Amino acid sequence: MTKSYEFNWQKHLPEFMQEGASFDRFDEDPYIFEPNCHMKVDEYGFFITWKSEGKEGQVLECSLINSIRVGAVPKDPKILSSFEATGKTEADLEGCIICICSGTDLVNLNFMFMVAENPETKWIEGLRSVIHNVKANNVCPMTCLKKHWMRMCFLTNVNGKIPVRGITRTFASGKTEKGIFQALKDLGLPSGKVRQNWKSDVSDNGNKTDYLTVDQLVSFLNENQRDPRLNEILFPFYDPKRAMQIIEKYERDEDLKKKGHMSSDGFCRYLMSDENAPVFLDRLELYQDMDQPLAHYFISSSHNTYLTGRQFGGKSSVEMYRQVLLSGCRCVELDCWDGKGEDQEPIITHGKAMCTDILFKDVIQAIKETAFVTSDFPVILSFENHCSKPQQYKMAKYCEEIFGDLLLKQPLENYPIEPGRPLPSPSELKRKILIKNKRLKPEPNLPLTRTSH
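Residue numbers (the working numbering): 608 to 1060.
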């Protein structure tokens, strides 16, 4: 008999996060300052919610949060004066600011800042454990409906009522959703209303009833749902006993359940459950062997990482390196060029394509901060190096000083770089940064030695 499916996407959530704590909250653009906000995380880790006295509750979905960082002390005099009014100085803010970065993509980001009571706050690591839960980002439609309901319940006003605009915001169709529907339409895939002739899709025996029998459900599961390529021993066919278990789990009508029947509502609940996910839920987290040579793997890589948009006349941003590394990328590109001006700092830009430039050292700092937040596996820096020797020396200096022990500077003892010898595995290179760069060409005026060819 086919085994029942179990998928546990929940992580343990510390009690202090569920109970919440008081924070001062501010946004820089546009300026917002809310003292004494009560912030907490729901028991499932779906949302961060906050509410201050006399104001409506606010909600941020954890799946939209890209990173949790230690924020810098704000420079805006308006924000600083707001803190001074509450008795906090710049020194009091040092190391206590939690920056919550969120957005539906890697470019259009929002930054919210919460001020903790002391730098030793547990909230940073606690929030990171919640947002980096890949399983929770792949929950079934039924769980998504539960999320929508919880979101509306959090958006109560001062009278404990849910405002109409809170409901409309929850179900509003944004640009991202419209783009998905257009993509489905372009591909010729169904994107309209749910079909009403569900019974004829799962049974062709002409039965006019509004329910499925056990035998009809077994037939549907084996002939329509089951992948015929599966091994019959490891993945046996459905039988009446397993079909009855499904009916008992998803059918809400007790009379139908006792008769071994499944209504359209119960059938819909089953189709919208984790048992019918479009992805392999057991493979959302690492399941492969990571002890093979590094060259044996496909690596999640980013090209022209620094660009936020088009390659000609586009904008470069240090933030892009943070975002791609936090999203799981393990190889990023740095197009390095000589900087201009008095400081002669190496820059990263798209050659002569009239893109804006960013400082090499700022990118190296961003990589250090985010390289191993979501994964311990090695990060490869692909240098497209156009710099002169003096500026290459600066590049090397920044890499050594900023990366420190994270930088792999010598071959591993058991893996000498010799012909026929394999590269070390990702497991053996954990928390190491590797640089991929062409060697300097030999000096043309040096005398040839006897071993030169």
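Glycine included, C-beta positions come from ideal geometry on N, C-alpha and C.
A quick note: this is a predicted structure, and the numbers were derived from the prediction, not measured.
**Message:** As a quick exercise: from 969, 976, 663 and 675, pick the residue whose alpha carbon is nearest that of residue 759.
**Reply:** 663
**Request:** Report yes or no: do three or more beta-carbon pairs, one from the region 742-753 and one from the region 691-706, lie closer than 8 Å?
**Result:** no
**Prompt:** In whole angstroms, what separates the C-alpha of residue 945 from that of residue 658?
**Reply:** 49 Å
**Message:** So the candidates are 1030, 852, 676 and 732; which of them puts its Cα closest to the Cα of residue 623?
**Reply:** 732
**Request:** Mark residue 692 as exposed unless 16 or more other C-beta atoms lie within 10 angstroms of its C-beta, in which case mark it buried.
**Result:** exposed
**Boundaries of the alpha helix (DSSP H) in which residue 1034 is found, first to last residue** = No alpha helix (DSSP H) holds residue 1034; DSSP gives it neither H nor E.
**Between the CA atoms of residue 947 and residue 896 - distance to the nearest angstrom** = 47 Å
**Asked** Looking at the structure shown, is residue 910 part of a helix, part of a strand, or coil, going by DSSP?
**Response** coil
**Nearest neighbour of residue 665, chosen from 701, 719, 673 and 862 [CA to CA]** = 719
**Message:** If distances are taken between C-alpha atoms only, which option among 671, 973 and 1014 comes closest to residue 735?
**Reply:** 671
**When 641, 722, 714 and 660 are compared against residue 678, the one with the closest alpha-carbon** = 722
**Prompt:** Given a threshold of 16 other Cβ atoms within 10 Å of its Cβ, counted over all protein chains shown, does residue 755 qualify as buried or as exposed?
**Reply:** exposed
**Prompt:** Do the region 898-912 and the region 929-946 meet, that is, are 3 or more Cβ pairs less than 8 Å apart?
**Reply:** yes
**Request:** Closer than 8 Å by C-beta to residue 1031: which residues in its own chain qualify, once you throw out the five before and the five after it? Chain order, please.
**Result:** 900, 901, 1019, 1021 and 1022
**Item:** residue 957 vs residue 918 beta-carbon contact at 8 Å
**Value:** yes
**Prompt:** Is the region 920-929 touching the region 956-975, taking contact as three or more C-beta pairs under 8 Å?
**Reply:** yes
**Message:** My parser needs the alpha helix (DSSP H) runs of 4 or more residues fully inside the region 814-892; what are they?
**Reply:** 821-827, 847-857, 861-866 and 871-878
**Asked** From residue 975 to residue 954, what does the alpha carbon distance come to, in whole angstroms?
**Response** 17 Å
**Request:** Kindly indicate which residue of 630, 938, 1037 and 644 has the alpha-carbon position closest to the one of residue 913.
**Result:** 938
**Residue from 648, 625, 661 and 649 with nearest C-alpha to residue 641** = 661
**Request:** Within the region 715-787, note down every full alpha helix (DSSP H) run reaching 4 residues or more, in order along the chain.
**Result:** 730-738, 748-761 and 771-778
**Counterpart residues of residue 645 in DSSP-defined beta bridges** = 629 and 658
**Asked** Quick one, are the C-beta atoms of residue 989 and residue 941 less than 8 Å apart?
**Response** yes
**Asked** What is the DSSP secondary structure of residue 690, reduced to helix, strand or coil?
**Response** helix
**Request:** Determine which residues share a DSSP beta bridge with residue 667 and list them.
**Result:** 655
**Asked** Expressed to the nearest angstrom, what Euclidean distance is found between the alpha-carbon atoms of residue 847 and residue 833?
**Response** 15 Å
**Message:** Taking its Cβ as the centre, do 16 or more other Cβ atoms sit within 10 Å of residue 1056, making it buried, or is it exposed?
**Reply:** Any reading at residue 1056 must be qualified, since the residue scores a pLDDT of 47, below 50, and its modelled position is unreliable; the value itself is stated next. Classification for residue 1056: exposed.
**Length of the line joining the Cα atoms of residue 861 and residue 737** = 37 Å
**residue 676 versus residue 1048 - alpha carbon distance** = 41 Å
**Message:** Let's see if you can read the secondary structure: which residues bound the alpha helix (DSSP H) around residue 967?
**Reply:** 967-977
**Length of the line joining the Cα atoms of residue 717 and residue 710** = 6 Å
**Prompt:** Apart from the five residues on each side of it in sequence, which residues of its chain come closer than 8 Å, Cβ to Cβ, to residue 982?
**Reply:** 935 and 937
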